[in-house]
Amino acid sequence: CSQIHVDFLRSSLFFGLLMPAIILPISRPLIEWFGSSKEISLMCFHYLMPTTFGAFFNFIYMVSCGLIQSEGHSIIFGITQVSSLVLNMALFCPLFLLGFKMDIWGASLATVCSEGLVGMILGKFTIKPNVRMFCRKFSPQTWQALKIGLASLMEDFSYSIPEILIQKYLNSAARAIGEYDTIIEVWGVIEKLYQFVGGSNDAFAIGLLPAASYAYGAKRYNRMLRLFFHANWITILISVAYSMLMIFLPSQIATIWSKDKDVLKWCKVLIP
117 CSQIHVDFLR SSLFFGLLMP AIILPISRPL IEWFGSSKEI SLMCFHYLMP
167 TTFGAFFNFI YMVSCGLIQS EGHSIIFGIT QVSSLVLNMA LFCPLFLLGF
217 KMDIWGASLA TVCSEGLVGM ILGKFTIKPN VRMFCRKFSP QTWQALKIGL
267 ASLMEDFSYS IPEILIQKYL NSAARAIGEY DTIIEVWGVI EKLYQFVGGS
317 NDAFAIGLLP AASYAYGAKR YNRMLRLFFH ANWITILISV AYSMLMIFLP
367 SQIATIWSKD KDVLKWCKVL IP
């Protein structure tokens, strides 16, 4: 297990170096393809710099969280998630943006710092790899784990690429009718609303994974199927109830973020 952890750290370093090399050169052309001005694309570029150059710390955080979860420490995993969010929102973001008066990139730097700090602290509470392991060849189990990770990569592409295209078409349509600023504001509201049901579903999926993995490893397939069944009906019920709320009360819910009549008009059309 220690060797696999070391292998993941080495892989994280490799992918961490790839991130800025891939993302930064395409960021401004892609953002301007969306229809943003050069000024906005430059701000986005600045925002992405800490995120891409600090990707290694994000990867350490994710690897450490996965390790804690795989050891069955679900409560510690939950505390870890909350801690990184609180550090981000209540400490680093106010410190960088309000205290040090940083530009927009201070917000992404806050995320890097909060996840990096929590990720490094997590390493103190679990396995203890030694320096020699960094010089050994990769474990066969590491290659198996990385291949399994390809499924997650394909999943990310399966929803992120359609979302990119939808947003592009939405931007174009909004420009054509002279409602670009309003529609972009509505899109922001929709993304916030989606986080509630998306976060709930993700929480059940994350919670299901270690329990179902244990059941599979122990060959308790009936237990695995029951876990799968319950996780599905609970998330479907939550999603349906939430959807009904969004369909019948879109304008009322949208007033949390905006009282503008045009925004509320388009929220009533687009949120359902």
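Each residue of the sequence shown is one higher than the last, beginning at 117 in the working numbering.
By construction, the Cβ of each residue, glycine as well, lies at the ideal position given by its N, Cα and C atoms.
Check	Outcome
For Cys-117, three-class secondary structure by DSSP	coil
At least three beta-carbon pairs within less than 8 Å, the segment 279-286 to the segment 335-354	no
Best match in Val-305, Val-302, Leu-129 and Ile-195 for proximity to Phe-250 [C-alpha to C-alpha]	Leu-129
Close-in-space but distant-in-sequence residues of the same chain around Ile-306 (CB under 7 Å, 5 per side omitted)	Leu-386 and Ile-387
Per-residue DSSP class, three states only, for Phe-150	coil
Option nearest Asn-204 by Cα separation, candidates Cys-181, Thr-168, Glu-231 and Phe-216	Glu-231
Leu-158 versus Val-198, Ser-118 and Trp-221, residue with shortest Cα-Cα distance	Trp-221
C-alpha gap between Leu-262 and Glu-148, whole angstroms	34 Å
Whole-angstrom distance between Ser-180 and Ser-186, CA atom to CA atom	10 Å
CB of Pro-166 within 8 Å of CB of Ser-224, strictly	yes
Residue range of the unbroken alpha helix (DSSP H) whose run includes Pro-278	256-292
CA nearest to the CA of Leu-324, picked from Lys-244, Ile-237, Lys-377 and Ala-347	Ala-347
Cα-Cα separation between Ser-359 and Lys-384, rounded to whole angstroms	13 Å
Per-residue DSSP class, three states only, for Met-218	coil
Contact between the segment 306-318 and the segment 328-338 (3+ Cβ pairs under 8 Å)	no
Per-residue DSSP class, three states only, for Arg-248	helix
Ala-206, enclosing alpha helix (DSSP H) - first and last residue	Note, Ala-206: premise wrong, no alpha helix (DSSP H); not H, not E.
The segment 256-270 / the segment 118-127 touching (three or more Cβ pairs under 8 Å)	yes
Local Cβ density within 10 Å of Phe-193, reported as buried at 16 or more and exposed below that	buried
Which listed residue (Leu-213, Ile-243, Ala-331 and Leu-309) has its alpha carbon closest to that of Ala-370	Leu-309
Bounding residues of the alpha helix (DSSP H) (the contiguous stretch that carries Ser-180)	171-186
CB of Phe-161 within 8 Å of CB of Arg-144, strictly	yes
Cβ-heavy atom distance, Asp-123 to the ligand NAP, below 7 Å	With respect to the ligand NAP, the structure offers nothing, as it holds no ligand at all.
Own chain residues within Cβ distance below 8 Å of Leu-140, not counting five before or after	Phe-161, Leu-164, Met-165 and Thr-168
Buried/exposed call for Ala-171, threshold 16 Cβ in 10 Å	buried
Cβ separation of Phe-173 and Val-247, assumed to be a contact under 8 Å, to the nearest whole Å	With 8 Å as the limit, Phe-173 and Val-247 do not qualify as a contact, their Cβ atoms being about 20 Å apart.
Per-residue DSSP class, three states only, for Asp-297	helix
Beta-carbon proximity check, Glu-301 vs Val-379, cutoff 8 Å	yes
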